[in-house]
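Number of protein chains: 2
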Amino acid sequence: MNKNIPDKVINRLTLYHCILSDLINKNEEYVSSKQIAHLLHIDDSQVRKDINLLNNSGKSRIGYFVKDLKTSIEKTLGFKKTKKAIIIGAGNLGTAIANYGNFTNYGLCIKAIFDNDLNKIGKLINGMEIQNIYEVHPTVKKEDIEIAILTVPAQYAQSTANFLVNAHIKYIWNFAPVVLSVPDEVQVWNENLMGNFLQFTYNI
Amino acid sequence: MNKNIPDKVINRLTLYHCILSDLINKNEEYVSSKQIAHLLHIDDSQVRKDINLLNNSGKSRIGYFVKDLKTSIEKTLGFKKTKKAIIIGAGNLGTAIANYGNFTNYGLCIKAIFDNDLNKIGKLINGMEIQNIYEVHPTVKKEDIEIAILTVPAQYAQSTANFLVNAHIKYIWNFAPVVLSVPDEVQVWNENLMGNFLQFTYNI
Chain A
123 MNKNIPDKVI
133 NRLTLYHCIL
143 SDLINKNEEY
153 VSSKQIAHLL
163 HIDDSQVRKD
173 INLLNNSGKS
183 RIGYFVKDLK
193 TSIEKTLGFK
203 KTKKAIIIGA
213 GNLGTAIANY
223 GNFTNYGLCI
233 KAIFDNDLNK
243 IGKLINGMEI
253 QNIYEVHPTV
263 KKEDIEIAIL
273 TVPAQYAQST
283 ANFLVNAHIK
293 YIWNFAPVVL
303 SVPDEVQVWN
313 ENLMGNFLQF
323 TYNI
Chain B
123 MNKNIPDKVI
133 NRLTLYHCIL
143 SDLINKNEEY
153 VSSKQIAHLL
163 HIDDSQVRKD
173 INLLNNSGKS
183 RIGYFVKDLK
193 TSIEKTLGFK
203 KTKKAIIIGA
213 GNLGTAIANY
223 GNFTNYGLCI
233 KAIFDNDLNK
243 IGKLINGMEI
253 QNIYEVHPTV
263 KKEDIEIAIL
273 TVPAQYAQST
283 ANFLVNAHIK
293 YIWNFAPVVL
303 SVPDEVQVWN
313 ENLMGNFLQF
323 TYNI
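Heads up: the protein sequence lines correspond to chains A and B, in order.
Note that our numbering has the first sequence beginning at 123, numbered continuously upward.
Note that our numbering has the second sequence beginning at 123, numbered continuously upward.
This is how it looks when you write it as structure tokens:
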């Protein structure tokens, strides 16, 4: 469980997981590394190498057992170990993330969503009432929440991050295009959409 | 310009660019690799190594010239070489991306947004009228567009991708949690938010 799996492999494993979920919906029992590789336009030796990192015994002569491989990825990446999070910012991006149903399958449980806009507070998103930002502190304490998903506009990102640090949040998943300054004990993952786009289009 | 810069470095360079933009707003003239490294909680030797990949002459005894370093990153990553794109799906995510003003600074020019929901068509997002999905083909042809940003719900992602392939789109930036099957000549970049999240939280 605690093998050190490189970031890129974790990313690919979640894509394999998407493919396997789709195959289960189609009642497919087996899948080959070639099939997976073909869908992702990568080399099948890469797929086999990644799968070898799992504790997977589900390999037969005609391919991997779809269900076993899927379970094996879930175990390795800890999908069952639920991580509780809150969303800060009930704009379009925060709403999109709150509605992104797929997260729960991967062990991300969004417990609450907050905003400071009085016109939004009290409205429902995916069954959750948008709460006043001042409720963050008691909610984090009561629900023992460590992760905040930050989806406020860029100009409010740093002040909101300071607020989250004071509320004892330990991990910030930052969607604002701003590099946040936080104490060493707080970890930030910059979603950096533009960086992702440039990786994609750099060679166009 | 055509040096082969690894994905992770491209990603970091866009984060440095964020920091430099912020420093310019604060009228700072110089920045050290240590300052940048501190904000990103990485090693300063890494920052210097990344910057050495740029054609940057703006180093002085007291640090890099902020403006020169920013321009140098822009040149290297081709921010001025504008890439035209369309958004498919005017839901919360599509709307968030259309409103994400920062993209234009990085050379991503969103030309139009499409949906098949008659209740949405004709409404404005960031000055753009939401168009009927049937307008994709003529728009792509007329505007010479190669990139589509796919923000439709998961269950419509594959059929929409097929539609985009028929409309001669060459690059799909896919935000749906689905692995798309496309011909070899079309490139897909899976945003894979869940994979990113798991990379972040894997060691929590």
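Heads up, the beta-carbon is just placed ideally off N, CA and C, and yes, glycines get one too.
- Taking 4 residues as the minimum length, the alpha helix (DSSP H) runs contained wholly in the segment 237 to 270 of chain A are 258 to 265, in order along the chain.
- For A/Asn312, the secondary structure class from DSSP, reduced to helix, strand or coil, is strand.
- DSSP, reduced to helix, strand and coil, places A/Lys171 within a helical segment of the structure shown.
- Taking 8 Å as the threshold, the shortest C-beta distance from A/Gly211 to chain B does not fall below it.
- If you check the CB distance, B/Tyr324 and A/Leu199 come in under 8 Å.
- Excluding residues up to 5 positions away in sequence, Asn296 lie with their Cβ nearer than 6 Å to the Cβ of A/Asn312 in the same chain.
- Separation of the CB atoms of A/Ser194 and A/Asn178 is rounded to 4 Å, and the pair is thereby assigned contact status at 8 Å.
- Assignment of beta-bridge partners to B/Asn221 by DSSP yields no partner.
- In the structure shown, the three-state DSSP call for A/Ser182 is strand.
- Straight-line measurement puts the Cα of A/Lys171 at about 42 Å from the Cα of B/Asp144.
- Here A/Val188 carries a helix assignment [DSSP, helix/strand/coil].
- The Cβ of B/Gln321 sits closer than 8 Å to at least one Cβ of chain A.
- Ranking A/Tyr293, A/Ile219, A/Val300, A/Thr226 by CA distance to the CA of A/Ala276 puts A/Val300 first.
- In chain A, no part has a C-beta under 8 Å from the C-beta of B/Asp266; the shortest such distance is about 13 Å.
- Contact with chain A is found for B/Ser303, since one of that chain's Cβ atoms lies less than 8 Å from the residue's Cβ.
- Residue environment: A/Ser182 is assigned as exposed (fewer than 16 neighbouring CB atoms within 10 Å of its CB, all protein chains considered).
- Residues of the segment 190 to 208 of chain A whose Cβ lies closer than 8 Å to any Cβ of chain B, in chain order: Leu199, Gly200, Lys205.
- Under the Cβ distance rule, A/Met250 does not count among the residues neighbouring chain B, no pair being separated by less than 8 Å.
- Relative to A/Val131, the option among A/Gln321, A/Ile164, A/Thr261, A/Lys242 whose CA is nearest is A/Ile164.
- Around the Cβ of B/Tyr256, a 10 Å sphere holds fewer than 16 other Cβ atoms; the residue is exposed.
- Per the C-alpha coordinates, the member of B/Ile209, B/Leu176, B/Tyr138, B/Phe285 positioned closest to B/Glu251 is B/Ile209.
- The residues Val188, Lys189, Lys192, in chain order, have a CB closer than 8 Å to that of B/Ile146 in the same chain once the five nearest residues on each side in sequence are set aside.
- Around the Cβ of B/His290, a 10 Å sphere holds fewer than 16 other Cβ atoms; the residue is exposed.
- Apart from sequence neighbours up to five positions away, the residues of its chain that approach B/Lys292 with a beta-carbon distance below 8 Å are Glu268, Ile269, Glu307, Val308, Gln309, ordered along the chain.
- The residue among A/Asn254, A/Pro260, A/Ala220, A/Ala207 with its C-alpha nearest the C-alpha of A/Ile294 is A/Ala207.
- Taking every protein chain shown into account, the CB of A/Ser281 has fewer than 16 other CB atoms within 10 angstroms, so this residue is exposed.
- Put simply, of A/Asp129, A/Val274, A/Gly244 the residue whose alpha carbon is nearest the alpha carbon of A/Gly216 is A/Val274.
- Taking A/Phe236 as reference, the option from A/Gly317, A/Val258, A/Lys264 with the minimal CA-CA separation is A/Val258.
- Under the Cβ criterion of 8 Å, A/Gly185 is not counted among the residues facing chain B.
- The alpha carbon of A/Gly185 has as its nearest neighbour, out of A/Val169, A/Lys203, A/Leu175, A/Asn214, the alpha carbon of A/Val169.
- Neighbours of A/Asp165 across chain B, judged by C-beta separation under 8 Å, do not exist; the nearest C-beta is about 14 Å away.
- Here the alpha carbon of A/Ser303 sits roughly 39 Å from the alpha carbon of A/Leu142.
- When 7 Å is used as the limit between beta carbons, A/Ile141 is near these residues of chain B: Val301, in chain order.
- A/Asp129 reaches chain B at Gln321, counting residues in chain order whose Cβ is nearer than 8 Å.
- For A/Asn174, none of the residues of chain B pass the 9 Å Cβ criterion, the least Cβ distance being about 18 Å.
- Look at A/Val287 here: in three-state DSSP terms it is helix.
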